[in-house]
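Participant:
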Amino acid sequence: MALKKMEDLKIDETERITVDYVKGILQPTPTCDTWDQIWNFQAKPDDLLISTYPKAGTTWTQEIVDLIQNEGDIEKSKRAPTHIRFPFIEWIIPPLKSGLEQANAMPSPRNLKTHLPFHLLPPSFLENKCKIIYVARNPKDNMVSYYHFQRMNKALPAPGTWEEYFEAFLSGKVCWGSWHDHVKGWWEARVQHCILYLFYEDMKKNPKHEIQKIAEFIGKNLDDEVLDKIAHHTSFDVMKCNSMANYSSMPTIMDNSISPFMRKGAVGDWKNYFTVAQNERFDEDYKKKMADTTLTFSF
Ligand code: PPS
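Following the working numbering, the numbering of the sequence shown begins with 4 at its first residue and continues without gaps.
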């Protein structure tokens with residue numbers, strides 16, 4: 004299968020970022036080095052935060068939010084690339100401007116992005132009762148997407164072989180930690196905080212319905228025509244060709260020729276990667292780690 008070909012692709016490890024731990028969670032070293040500043044980030048009450056485990060549908064949700072706020076005005080949503088429109092608060096890749104610097108320089112109301120697990124969220128977001136949209140994706144597709152992302156993104160460690168990556172993901176030894184802890188932590192937090200918890204698979208199945216939910220959450224009443232327009236503009240095929248939403252604007256960090264950022268955008272692609280043995284091992288592990296939650300996923 005296609006895997007053999009992927010492993011043949013060599014990535015220059017020497018250009019890769021190093022990683023370290025913050026409170027038990029693996030992070031790029033520059034993030035660890037500035038952790039105190041990140042933890043003390045001052046959120047404002049009208050900030051809107053999009054939070055996800057990496058590769059769960061962040062960019063898609065960002066595009067939807069931006070278009071809702073601009074009432075479907077496509078030209079306005081093309082004013083800048085995603086990472087400028089939504090500062091990524093814990094992201095520091097010298098010499099680029101850090102997420103914190105970008106956020107602090109941004110006029111309100113701000114849209115922000117994070118991948119932090121709930122227990123590492125800067126407390127000011129909760130103190131200020133900020134609205135937060137969390138998106139979760141089934142872990143098998145999430146893992147496959149993350150594997151390909153680590154192949155193409157020099158701001159993360161090289162993933163190793165698929166077999167090695169499978170084990171690293173299962174044991175939570177990837178940046179931003181364990182998928183299981185992440186989705187469960189935010190799921191529990193939604194009960195007490197202003198969190199809209201969404202699923203990638205629902206967005207695929209009925210995008211207009213999920214867009215409507217997001218619009219309601221952020222207090223926008225949009226007519227049917229605008230909702231249709233947003234659904235069209237945020238479809239995978241349209242976003243893939245949108246240079247302001249497909250991460251083609253930072254070629255020295257993300258090499259889309261290794262694997263495009265907008266890769267497949269599908270549910271169930273994991274079936275092309277998991278061996279039967281890996282799938283059994285995954286399911287057994289999943290059952291144990293997810294036994295203490297009401298959270299369920301569709302695969
Ligand atoms: S990141 O780097 O964490 O911000 O990545 P993130 O945006 O969370 O996830 C990238 C994956 O989401 C897919 N994607 C989409 N799927 C469906 N529809 C739309 N519009 C869309 N936009 C992005 C993207 O293709 C990545 O998934 P994979 O499975 O790798 O294709």
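We treat Cβ as the ideally placed atom computed from N, Cα and C, and that holds for glycine.
1) Which runs of the beta strand (DSSP E) spanning at least 3 residues fall entirely within the stretch 97-158, listed in chain order?
2) What separation, rounded to the nearest whole angstrom, lies between the Cα atoms of L199 and K207?
3) Measure the C-alpha to C-alpha separation of W189 and K47 and round it to an integer number of angstroms.
4) Could you tell me whether the stretch 55-75 touches the stretch 110-121, using the rule of 3 or more Cβ pairs below 8 Å?
5) Going by beta-carbon coordinates alone, are D144 and W63 separated by less than 8 Å?
6) By DSSP's criteria, I28 is part of a beta bridge. Which residues make up the other side?
7) Helix, strand or coil for L70? Go by DSSP, reduced to three states.
8) Going by the CB atoms, is the gap between L123 and I28 shorter than 8 Å?
9) Does the stretch 157-177 come into contact with the stretch 213-223, if we say contact requires no fewer than three beta-carbon pairs (one atom in each stretch) closer than 8 Å?
10) Give a single yes or no on whether A139 has its beta carbon closer than 7 Å to a heavy atom of the ligand PPS.
11) Does the separation of the CB atoms of T85 and Q105 fall below 8 Å?
12) For the alpha helix (DSSP H) that contains Y200, what are its first and last residues?
13) Using only CA atoms, which one of K292, H235 and Y203 lies nearest to F302?
14) Closer than 8 Å is the cut-off here; do at least three beta carbon pairs connect the stretch 173-193 with the stretch 94-103?
15) Starting from W51, follow the beta strand (DSSP E) in both directions and report where the run begins and ends.
Facilitator: Checking against the coordinates, here is how it stands:
1) 114-117 and 134-139
2) On the sequence shown, position 196 is the one that residue 199 refers to. On the sequence shown, position 204 is the one that residue 207 refers to. If I take the Cα positions, the gap works out to 17 Å.
3) Here residue 189 corresponds to residue number 186 of the sequence shown, with the count starting at 1. Here residue 47 corresponds to residue number 44 of the sequence shown, with the count starting at 1. Answer to the nearest angstrom: the Cα atoms are 20 Å apart.
4) yes
5) Reading the sequence shown from its first residue, position 141 is the one you call residue 144. Reading the sequence shown from its first residue, position 60 is the one you call residue 63. Going by C-beta atoms, D144 is not nearer than 8 Å to W63.
6) Residue mapping note: residue 28 aligns to position 25 of the sequence shown, counting from 1. Paired residue(s): V25.
7) In the sequence shown, the residue the question calls residue 70 occupies position 67. Correct three-state label for L70: helix.
8) Position 25 of the sequence shown, counted from the start, is the residue given in the question as residue 28. Position 120 of the sequence shown, counted from the start, is the residue given in the question as residue 123. Cβ atoms of I28 and L123: closer than 8 Å.
9) no
10) Numbered from 1 along the sequence shown, position 136 holds the residue referred to as residue 139. Checking every heavy atom of the ligand PPS against the Cβ of A139, none is found closer than 7 Å.
11) Counting from 1 along the sequence shown, the entry for residue 85 is found at position 82. Counting from 1 along the sequence shown, the entry for residue 105 is found at position 102. The answer is no: Cβ separation not under 8 Å.
12) Along the sequence shown, read from residue 1 onward, the residue named residue 200 stands at position 197. Segment I198 to F202 is the beta strand (DSSP E) holding Y200; no alpha helix (DSSP H) there.
13) Numbered from its first residue, the sequence shown carries residue 302 at position 299. When only C-alpha atoms are compared, the closest one is Y203.
14) no
15) The count along the sequence shown starts at 1 and reaches residue 51 at position 48. The sequence as given places Leu at residue 51; Trp does not occur at that position. Where L51 is concerned, the enclosing beta strand (DSSP E) stretches over L51 to T55.
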